[in-house]
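So the sequences go chain by chain: A, B, C and D.
As numbered in this note's numbering, residues 4 to 253 make up the first sequence, in order.
As numbered in this note's numbering, residues 79 to 424 make up the second sequence, in order.
As numbered in this note's numbering, residues 3 to 426 make up the third sequence, in order.
As numbered in this note's numbering, residues 10 to 311 make up the fourth sequence, in order.
Don't be surprised by glycine CBs; every beta carbon is placed ideally from N, CA and C.
Predicted, not measured: the structure shown is a model, and the values here were computed from it.
All remarks here apply to the structure that follows.
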Amino acid sequence: MKYLGIDPIKPKIAVFDFTSCEGCELQLANKEDTLAGFLNAVEIVTFREISSAASDDYDIAFIEGAISRSDEITRLMDIRKKAKVLVALGSCACFGGVNRMKNAYDLNQANREVYGKIAKETLPVRSVKEIVPVDLEIHGCPVSKAEVERIVQHLVWDIPYTQPVYPVCFECKQRYATCSFDLGQLCLGPITRGGCGAPCPVGGLSCWGCRGPSEDPNYEEFFRIANEYGYGDDEIEERLNFFGGFEGVR
Amino acid sequence: MLHKTINKSEFRKLVDLLMENEEVIAPKQIGSDIKGKAIHQYLPVSTFDEIDLDYEITQYSAKTYFLPYCENLSTCTFDDDDWTQNISYRLQPRILLGLHACDINALLKLDKVMTRDSFPSPYYVSRRKNTFIVGIDHEPCEGGFCQAVGADVVTHGFDLFLTDLGDRYFVAINSDRGFNVLSRVRIKNITQADTKAYLEARQALAPVFETPYMHNLPNLLDIEFESPVWEKWGAKCLSCGSCAMVCPTCYCYGVGERISMDCSSSYKEKQLYSCNLLDFASVSGGHNFRAKKETRLKYRYYHQHRGFSETYEEPLCVGCNRCGRVCLAGINPPEIIKDLQLEGIR
Amino acid sequence: MKINLDVDVHHLTRVEGHGNIHVKVKNGKLLEARWDVVETPRYFEVMLKGKHYSSAAPLTARICGICSFSHTLASLRATEAAFGVEIPEAAAILRLLAKHGETLQSHALHLFFLAAPDFLDVPSAIPLMESHPEVVAIALRLKGLGNKICDVVGGRQTHPVSLQVGGVAAMPTGLPDLPPVLEEALEDLASTVELFKTFQLPDFVRETEFVSLRANGDGYPFIGSDLISTDGVLKAEADYLAMTNEYVDGNNTSKWCRLSRDSFAVGALARLNNNYAQLRPEAQAVAGELGLAPVNHNPFMNNVAQLVECVHIAHDSLDLIDQLADMKSAPTMVEVKYRAGEGVSAVEAPRGILYHHYKYNKDGKITKANCVIPTTQNNANIHNDMRALVEQFATEKGMTNERLELLCSMLVRAYDPCISCSVH
Amino acid sequence: MTTLLHPYDVTQESDMQSPLDFNRRSRLKHVDRTFKAEIINIISLTEMEKLFQVRIMDDYYRSKFSYLPGQFVMLELPGFGEIPISISSSSSNKGFIELCIRKMGSVTTMLHKARRGAKVGIRGPFGTHFPMEKMHGHNVLLIAGGLGLAPLRAPIFNVIENRSNFNQVDILYGTKSPKNMLFNYQYEEWNRIADINLQVIVEHGADSWTGPVGMITSLLDDVTILPDDTFAIICGPPIMFKFVCERLTDDGIPMHRMFVSLERRMHCGMGKCCRCNIGSTYTCIDGPVFDYWTVMNLKEAI
């Protein structure tokens, strides 16, 4: 479909999965009411989870998952070479996601605990950008399909995309939610990047920070507030580490 | 203005009648916070028992029924190289029940911006005129300072206004449609006893706690533009915009457009924004006219208490202190104003 | 016989996660038929250690992007069992409804997007948008409905937020929107049954032990109850280890399981084989139409069993919503007091029985965690099925590498495996 | 059902039914309705800037559309967004308007892809203008930095078209480098035909550049300024007009005779969204053209 006499480019898209739950990929097949339009706007050439077709000729590679094994590093570097635009899809790809919590444990011991004597190969979890340059990050655990659609539209028309800079609180208020702190929950909403539409606080669970930090977050004040509400440093630390996006801010 | 009284049982009948016909929005308790304090919101209700007219304050103001957080301004449908723009405005009447004086005063201030002078907004006008407003007197709420900004009394901007006289309401009628609606139930002419009871009731509503002294605030703000007070409070600001979202008068917004995946239609959406958000005043190319937290916080106070006063001879703030309550960092107008005054005499 | 076949599938497509197929037949002799799971391990059980009880469900939900609701429910119930928490009745109904949403969503995804392309001879559902638009429309409506139920009850389509220790955060406001869509779905399901009648399932049978939850007099089982197998094993929920018998295999990052035999199967077919009588009559009728009667030993029939379950679920969801309509102000949460303890929970994920088991210390922190995943339980059986499948079909006239690869792939897909889930 | 409340239809108000005219600010109208306009020509100016000639398609509205030098329009690409753009063409031109647009954000990047014939939306005109009539009989100094020549071009046209109304006219224009220079195809015409003294300067020269290199203020050394008889119009980035205005103040030009055009983020153009506010001043309705005295009194203006 033309727009203002301009033909959109129909980019060739490939989707790849690494260490993850494949939930973000699944989101790509969600939002059923606009799925046909979505699949029409792009040409999906590789998407193992839903298609047996595969091609090495693609423009945009969506990477889901963190990197935690040597074969994944090789595979990722190969994809980077082939892709014109490399998009990190979801918090695992952007920050390492929940997998990053593994890094706090001794990996040999972890192996013994899970696999006994037959140890499996595993590396400390890294995000995609720690291995190869990333052109665009889509945050969230899982990603919001509506946001993915908007970003794909920007990719289709090849125009710049700007992430929301404000924290989750802003959209939380726009959905008439009661502040999670007032309901007795530690909430990372004030320092987490918005754009998700605050489904968690609206659904009754405080923000756990899956989208990583907002622009210019006020950590100092946030920590003071969390302490004031009675949350200990350990608790705050556990929450900050949950999705990997706040590593090292404390 | 006409005055009548109505029995509470008759009033209930009136609300039932209204609910039968139109959407009714009223204060409703939605839960309690961790300290056990009731949380109220203005929400659509379907039975009289859902309504709690005895509420102290709602978490969110009623402004969103006039300036929704997100509002579709126009839609476009595309046909090859051409497009057609469609615009529609609210047509359905509805009832907003149980507004306190401060929230009605807030609407009067919004009226000044949205219905007069430059570019009256048909979106706002259509929502305002399609809303039947029933106000109610209440005891002053803790932390509020509506008296200090003269917003505790309201004389217009509503259809009906109630004052609780125990078994009945003293009703001020401010529109013909208010009069017509009342005529559907039994009302009584006011007696001298009613007037006396009303005046006593009003007297009992005087605040029992200290409210900030806001005299000469516009000039004080002008003088204290470079005050360290802004740095102190600005350092606390989370730049989350919660204050503006719950504020009954903040009306800043942004406009964005969305196009459908198949490029067959698009819409233009207005989203209320907040001057405390980082990119409020950033321009394409990257320059941000208010890149610092404290300049953004300062701007919000200047707009509310100085800028608006310059144009309309009154502050934009109605003293409900919702912003102070919602702010996790504890930023609130009474304390900031006090700090500025102390700074001024130092 | 001069039959030489060589199938090597690296990262099987149209399944969740990473698994490989290796088949080698030389001179008519089967040298090798292997199903290997090569997913990267994530060590969730290790990450759970030391975590506060409120983290358990949000964390374990991330074991799987498809069955995150099942993980959440299994996790919450295990924690509640450890703390002795009884959730309110309304919460139990809401949780089952959310569970139904996930099953519907997952089954629709599997049936239309992962399995159906094999029967319609296309590489994916994408070309079906052109060739079979009506099928795609049905698929999207059914999947959309499943997602909508999840959204309304769980607050999100994946990784729910409203399901919490102690119940469900609040009575959802969107419930009244669901019945009209569910009614429409019944028609779509009827059309789907007609479509499936046209599909030619491979004629393959291998005697298998089927493990599932057992109905406890309250209908077809989805959330918590005794464990049963078609070989006559019956265990209590807490005795799950005796039912699963996990062990580590050298070629796989997933563990394997065994019970009365070398391997067993879980999933829709296992549930149906064990609990056929508890299916709603409408679902039983569909099973009859599609030639599915217990105990059925054709693994490809798992597809049909999923469709039968969709019919059951659609009807059951309407009933649940009806019940909830009278419970508008009923409590959905109870207060949670943590304590030291241990809890086990078994939940039927769309692809089979899922166990979570936690030990808590007095601070409400996890000291030990174990999760046993349906696909973990199926992997050995898939492997054994594959051997038998290759043995049966390799000698078939005109068998090619491509055809055998397709059969093996279809076999794995029939189990609707969640591979990354099995390597958690 | 009995009708208790009567629906109110704002479109039935008489003001709403009269033709759309953005110059009548106090009238209730369809404020978000746009004039559909066709891009009739696109002129590439530099790597980053293009000049779009845009014509309102409806004959009646085209004949009614009028604006003054310094005013701006909101340009909409339906589905992509709306941006404020100052009008670059002559206000006596009734056929079409010219908009000089730098490729920056998503809307402008999209617009740069557009071809002739594309249909865009226009709302406006909005804002204040340069008071050209006040300058009649005086010297005029027109100073632009970078993209500032785009809004300055409207008063330049006004001067040229009414040349006899003005005495000595100077244009000073500075850019980062020669390749950023806008409208250089017109310099000759301005210089020779309109008898305007035009001087250009670049911050960083290039091999082919033979003109002066330096800051724009250095061009002022060669301009005769009669403090009592000179008006100045300055368009450019804040840092540039700050330096220029300070210099001109030193040279004795009264602040109320210097006019600048301010750039701010805008989402409505109508004094509603507050994005362009400087203190309590709306750049969109009280500006974008301000005299320098007003700017000096606007806190955080520069």
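Cβ neighbour criterion (16 or more within 10 Å) applied to residue i
{"i": "B/T327", "result": "buried"}
{"i": "B/M339", "result": "buried"}
{"i": "B/L80", "result": "exposed"}
{"i": "C/Y249", "result": "exposed"}
{"i": "D/C198", "result": "Here residue 198 of chain D is Glu; the residue named in the question, Cys, does not match the sequence. Label assigned to D/E198: exposed."}
{"i": "C/Q325", "result": "exposed"}
Below-7 Å beta-carbon distance, residue i vs any chain B residue
{"i": "A/A180", "result": "no"}
{"i": "A/K34", "result": "no"}
{"i": "A/P239", "result": "For the sequence presented, residue 239 of chain A should be read as Ile rather than Pro. It does not: the Cβ of A/I239 has no partner Cβ on chain B nearer than 7 Å."}
{"i": "A/F65", "result": "no"}
{"i": "D/M10", "result": "Summary for D/M10: the model assigns pLDDT 48, below 50, so the residue's position carries little reliability; its value from the coordinates is reported in the next sentence. Closer than 7 Å to some Cβ of chain B, the Cβ of D/M10 qualifies, so yes."}
{"i": "A/P193", "result": "yes"}
Whole-number beta carbon distance between residue j and residue i, since they are thought to touch under 8 Å
{"i": "B/K141", "j": "B/L175", "result": "Actually they are not in contact, since the Cβ atoms of B/K141 and B/L175 sit about 16 Å apart, beyond 8 Å."}
{"i": "C/S72", "j": "C/A267", "result": "The Cβ separation is near 17 Å, so there is no contact."}
{"i": "B/A229", "j": "B/P290", "result": "Contact flag wrong, Cβ pair sits at about 13 Å."}
{"i": "B/N183", "j": "B/V396", "result": "5 Å"}
{"i": "B/F126", "j": "B/V93", "result": "5 Å"}
{"i": "A/G247", "j": "A/S94", "result": "7 Å"}
{"i": "A/Q212", "j": "A/F245", "result": "In the sequence under discussion, the amino acid at residue 212 of chain A is Gly, which differs from the Gln named in the question. About 7 Å separates the two Cβ atoms, so the contact holds."}
{"i": "A/S73", "j": "C/T42", "result": "Actually they are not in contact, since the Cβ atoms of A/S73 and C/T42 sit about 10 Å apart, beyond 8 Å."}
Sheet register partners of residue i (DSSP bridge)
{"i": "C/H24", "result": "C/D10, C/R36"}
{"i": "C/M335", "result": "C/G169"}
{"i": "D/T8", "result": "Past the edges of chain D, shown from 10 to 311, lies residue 8 of chain D, and the structure says nothing about it."}
{"i": "C/C410", "result": "Its beta-bridge partners do not exist; DSSP assigns none."}
{"i": "C/C420", "result": "C/E18"}
{"i": "D/S95", "result": "D/F81"}
{"i": "A/P216", "result": "A/T195"}
{"i": "B/W161", "result": "B/F156"}
{"i": "B/K82", "result": "B/V249, B/N267"}
{"i": "C/S2", "result": "Because chain C is modelled from 3 through 426, residue 2 of chain C falls outside the range shown and cannot be assessed."}
Neighbour flag for residue i against chain A, beta carbons, 7 Å
{"i": "C/S193", "result": "no"}
{"i": "B/L355", "result": "yes"}
{"i": "D/R124", "result": "yes"}
{"i": "C/M49", "result": "yes"}
{"i": "B/L406", "result": "yes"}
{"i": "D/S115", "result": "yes"}
{"i": "D/M119", "result": "yes"}
Closer than 7 Å to chain D by CB, residue i
{"i": "B/G363", "result": "yes"}
{"i": "B/I84", "result": "no"}
{"i": "B/F492", "result": "Past the boundaries of the shown model lies residue 492 of chain B; chain B is included only from 79 to 424, so the question cannot be answered."}
{"i": "B/A359", "result": "yes"}
{"i": "A/L79", "result": "no"}
Item to check | Proximal residues, the region 281–293 of chain D versus chain B, C-beta separation under 7 Å | outcome: Contact annotation: in the region 281–293 of chain D, residues whose CB is within less than 7 Å of a CB in chain B are K281, C282, C283, R284, N286, G288, S289.
Checklist entry - Closer than 8 Å, Cβ to any Cβ of chain A: which residues of the region 120–142 of chain C, in chain order? => result Answer set for the region 120–142 of chain C: P125, S126, A127, I128, M131, V138, L142.
Next on the checklist: Against chain D, which members of the region 163–174 of chain A pass a CB distance test of less than 8 Å?
Outcome noted: Against chain D - using a Cβ distance shorter than 8 Å - the residues of the region 163–174 of chain A are P163, Y164, T165.
Checklist entry - Of the residues that make up the region 311–323 of chain B, which ones have a beta carbon closer than 7 Å to any beta carbon in chain D? => result Listed in sequence order: no entries.
Item to check | Residues from the region 189–215 of chain D in contact with chain B, defined by Cβ distance under 8 Å | outcome: Only those residues of the region 189–215 of chain D whose C-beta falls short of 8 Å from the nearest C-beta of chain B would be listed, and there are none.
Next on the checklist: Output needed in chain order: residues of the region 29–43 of chain D with a Cβ under 7 Å from some Cβ in chain B.
Outcome noted: Those would be R34, S35, L37, H39, V40, D41, R42, T43, in chain order.
Next on the checklist: At a CB distance below 7 Å, what residues from the region 70–85 of chain C approach chain A? Give them in sequence order.
Outcome noted: So the close ones are S70.
Next on the checklist: Counting only Cβ-Cβ distances shorter than 7 Å, please list the residues of the region 14–43 of chain A near chain B, keeping chain order.
Outcome noted: So the close ones are T37, G40, F41, N43.
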